[in-house]
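When you line the sequence shown up against the numbering used here, it's residues 608 to 893, in that order. Contents: one structure, followed by commentary.
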Amino acid sequence: MNASRKPTKTVTISPRRQAAYRKKNTHGIKPGYMLTRLFSVFLLSLLAVSLSWFGWHWLQQSQYLTIRHIVLEAVQADGKPSAQLLHYVDKQQLQKVVANHVQGNLLTVDMQAIQQAVAQLPWIKQVHIRRRWPDTLSFQIQEYHPLAYWQGDDEAAQGILDRDGQIFTLPQTYALPALPLLSGGQSSIPALLMQYKILSPLLEQAGLPVQKLSQNHQHNWQLQVANGSSQGLKIILGYSQHPDGLKQRIKRFIKYWSQKPQKIKNELEYADLRYQTGLVVKWKKL
């Protein structure tokens, strides 16, 4: 008895599917093509890095970017050019510091190191350095402009106030300018500056330049002005809630002062202006 054989199943692929398979296999990515493409990308990257390195090396050695000019400019707080030239900064010292720190060409010079060195010089408030291609370094310098000395609540709290109310110091070897003294806590500096700018022009016009303006912890005000005597004239202003109150008291005193003969004005020891409608004065010689 013969074993029965299972019929063989024949799978027939249609011509349409065979064509689609051949088309797909034709557009496939061959391994050789991928290797060639990767190698080309590698070569291009290597070429770009090499060109960049050689270009940077050439610029470092190039005489075209040699720093040949140093420009010093005085600027205001807003960065605009100042009508005044550098008045307080020692220009020779500044040029020496710049020369000691300018190394390399315009591209490789260490701008941060130069800026830090220049900023430490006396009278320098701010400094900005800019490159001007192809051979110039430009220094825009803002100086401190001293307005008065400042004495705080203790001896350690002291310095010089500039016109913006910033405190700065100078080396002891520097000859300090003749300036008035503003005395009070650091929190009172804005009020000291405001009252000084209000009162000083009035007193200056009357021939009484301010030597000292102070405010104590109780917010009482006192002035000392030059009147021709060795000790000066003390003016007690007292307390005022209104910013314009001290100004009105000074105007009252100036009116009284202007009526006195010139020869006895330096004999006035002090004036007390803490009164609403009058004042009290004390003369050295009765």
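C-beta atoms are modelled at their ideal positions from N, C-alpha and C, and glycine is treated no differently. Quick caveat: nothing in here was measured; it's all calculated off a predicted structure.
Query raised in the report: Contact between the stretch 756–768 and the stretch 707–723: three or more CB pairs below 8 Å?
Result: no
**Report entry** Boundaries of the alpha helix (DSSP H) in which methionine 749 is found, first to last residue
**Finding:** What sits at residue 749 in the sequence shown is glutamine, not methionine. Note, glutamine 749: premise wrong, no alpha helix (DSSP H); beta strand (DSSP E) at 743–750.
**Report entry** With 16 other Cβ atoms within 10 Å as the buried cut-off, status of valine 817
**Finding:** buried
**Report entry** Nonlocal neighbours in the same chain, by C-beta distance under 8 Å from alanine 610, ignoring five residues either side
**Finding:** Summary for alanine 610: the model assigns pLDDT 49, below 50, so the residue's position carries little reliability; its value from the coordinates is reported in the next sentence. Hits under 8 Å: none found.
Requested in this report: State yes or no: is the C-beta of serine 847 within less than 8 Å of the C-beta of alanine 813?
Outcome: no
Query raised in the report: Quick one: Cα of isoleucine 796 to Cα of alanine 833, how far?
Result: 22 Å
Report task. Count the other C-beta atoms from every protein chain shown that fall within 10 angstroms of the C-beta of glutamate 750, then say buried if there are 16 or more, exposed otherwise. Result -> buried
**Report entry** Whole-angstrom distance between glutamine 822 and leucine 844, CA atom to CA atom
**Finding:** 10 Å
Query raised in the report: For proline 571, which option in Lys862, Arg770, Tyr803, Gln765 has the closest C-alpha, if you only look at C-alpha atoms?
Result: Summary: the structure shown does not reach residue 571, with the chain confined to residues 608 through 893, and so no result is reported for it.
Query raised in the report: Do you know how far the Cα of glycine 835 is from the Cα of tyrosine 863?
Result: 17 Å
Query raised in the report: For isoleucine 774, which option in Asp879, Arg881, His752 has the closest C-alpha, if you only look at C-alpha atoms?
Result: His752
Requested in this report: Tell whether a beta-carbon distance below 8 Å holds between phenylalanine 746 and glutamate 811.
Outcome: no
Query raised in the report: Near methionine 608, what residues of its chain come up, given a Cβ to Cβ distance below 6 Å and the 5 sequence neighbours on each side ignored?
Result: Below a pLDDT of 50, predicted positions are generally treated as unreliable, and methionine 608, at 46, falls in that range; no measurement from the model is reported.
**Report entry** Distance between beta carbons of valine 696 and isoleucine 748, contact taken as under 8 Å
**Finding:** 7 Å
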